[in-house]
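Working notes, structure below.
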Amino acid sequence: AGALAALVLAGCTPGGTPDSQPSPSTASAAPTTSAAPGTPSASRSPAAPQVRISGVQVAERLEGFDRPWEVRFLPDGTPLVTERPGTLAVGVDGQRRLVATVPGVVAAGEGGLMGLALDPRFEQNRRIYACFAAGSGGRVQDVRVVRFRLAEGLDALGDPTPIVTGIPAGAGNRHLGCRLEIGPDGMLWIGTGDAVQPTLPQDPDSLAGKVLRVTLDGEPAAGNPRTGGDPRVLTSGHRNVQGLAFRPSDGAAFGVEHGTGCDDEVNALVPGGNYGWDPVGPGGRYAEGAPMTEPDIPGAIGAAWSSGCPTIAPSGAEIITGEPWGDWVGRLAIAVLKDEQLLVATLADDRITETRAELVGELGRLRSVRNGPDGSLWVTVDSSPGDLVRLVPRTAD
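Heads up, the sequence shown is in our numbering, so the first residue is 1 and it goes up one at a time.
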């Protein structure tokens, strides 16, 4: 684990559970993480600050967004938001403002305009990366990642360039993943779903049910495992990867995915790792209730955390880094859809040892969570109209 962490840090570049209804209850170098589940990482998070945090509270709410999915922050602090029907918007002077309609987006099933990332050299090249269900005439052809140039006036997109195409969408447009992150290695990481196709998560040639790792031009990243399948694949055996997060102290990568009726997961991502989702049922049909980690798969990696039963539908995730968060710095914040909460998890090496639920039922379905430029946390509330909400800590008495 320590060798992998050293490699990724040296390679850094500068600069069955549908998610549609709430629950009635409450790199250029090799990527990093531990060599195997349960193996302690060589690099530990720094000692937590002494300020004790007792919870979160709402500091600001921007209203009027349409199914907001992802939020990123431009260099001047302006929030840039993807909206699932296919629009890109910003928050300016406390209000939503439309930037552009993204061409080729089909909002159907669980799909639409979803993931978003900013180029590490955004100030020089104005490039952004969007992940969406693509097609025409209301029919989805595939899930893809396309690079655009954002106009300086925040009123248009130009230079559309497909980066990764052909990620399966499936017949029902379910389990599409579509989370984007640019890792500390400078590579673009893409979480995908299994498209409800039983053989694809274990198919090394398919991009479905995987975490992909590519250059900013969409080429296979150096250091990816070469196993004879598609060289863009970093990990396999996933059901529906909705979140990706990196620990700043050592670059360790964590994936968040939806479970079946049981066992949503957080996984510590290991290059070449197989996380055991293999939903081939009787007669080759899709087995909605298959175990999230199939014990018959040799070397299948168990989760760093599982929800148990029932599931809560976790989505976007972020390691908390803002100084105001005191002893919560280094914890994993997870936006939760079905159980409508912000889940805050304590990481010990590559395991989650404790979780606490915040804002339960107070805001609605939380799709994404991000560190803001001022040290606060921002979440997107997945509804129409939906909100972009800034959170600040409550300190212990």
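Ideal placement from N, C-alpha and C gives every residue a C-beta, glycine not left out.
Item	Value
Smallest Cα separation from L62: which of V392, T395, W378?	W378
Considering Cα atoms alone, identify which of T165, L347, R370 is closest to D217.	T165
Please classify D327: does DSSP put it in a helix, a strand, or coil?	helix
For the ligand SAH, is there any heavy atom lying closer than 8 Å to the beta carbon of D217?	With respect to small molecules bound, the structure shown includes none, and the ligand SAH cannot be examined in it.
Kindly indicate the opening and closing residues of the beta strand (DSSP E) around N125.	N125 -> not in any beta strand (DSSP E); alpha helix (DSSP H) instead, spanning 122 to 125.
If you draw a straight line from the alpha carbon of S206 to that of G86, how long is it in whole angstroms?	26 Å
Using the Cα positions of M292 and A335, report the straight-line distance between them to the nearest angstrom.	20 Å
Measure the beta-carbon distance from S368 to A59 and round it to whole angstroms, keeping in mind my assumption that it falls under 8 Å.	Not a contact, Cβ separation roughly 17 Å.
Sort out for me which residues DSSP pairs A335 with in a bridge.	L342
Would you kindly work out how many angstroms separate the C-alpha atoms of T33 and E83, rounded to a whole number?	Low per-residue confidence applies at T33: pLDDT is 39, beneath 50, and the placement is therefore not dependable, though the value from the model is reported in the following sentence. One C-alpha to the other measures close to 32 Å.
Note down, one range per segment and in chain order, each beta strand (DSSP E) of at least 3 residues found wholly within the stretch 182 to 219.	188 to 191, 211 to 214
Closest to T161 by C-alpha separation, out of V146, D155, G183, T380, would be which residue?	V146
With DSSP run on the structure shown, which of helix, strand or coil describes P310?	coil
Taking I190 as the reference, which of H238, T395, P198, D155 has the closest Cα?	H238
Determine the closest residue to A130 out of G94, G283, P103, with distance taken between C-alpha atoms.	P103
Quick one: what's got a C-beta closer than 6 Å to G174's C-beta in the same chain, skipping five residues either side?	A small correction: the amino acid at residue 174 is Arg; Gly does not occupy that position in the sequence shown. Only G109, E110, V196 meet the Cβ criterion.
Among the candidates G261, R52, L200, G170, whose CA atom is the shortest distance from the CA of P310?	G261
Near G372, which residues of its chain fall below 6 Å by C-beta distance, leaving aside the five closest residues on each side in sequence?	W378
Can you tell which of G94, A107, G64, G223 has its C-alpha closest to the C-alpha of I172?	The identity of residue 172 in the sequence shown is Gly, whereas the question assumes Ile. Per the Cα distances, A107.
Quick one: what's T395 bridged to in DSSP?	I53
At what residues does the beta strand (DSSP E) containing M114 begin and finish?	113 to 118
In terms of residues, what are the limits of the beta strand (DSSP E) holding R84?	That residue, R84, is in no beta strand (DSSP E); it is neither H nor E in DSSP.
For P162, does the three-state DSSP call read helix, strand or coil?	strand
Evaluate P385 with the Cβ neighbour count: other Cβ atoms within 10 Å of its Cβ, from every protein chain shown; 16 or more gives buried, anything less gives exposed.	exposed
Going by DSSP, what residue range makes up the beta strand (DSSP E) through D142?	139 to 150
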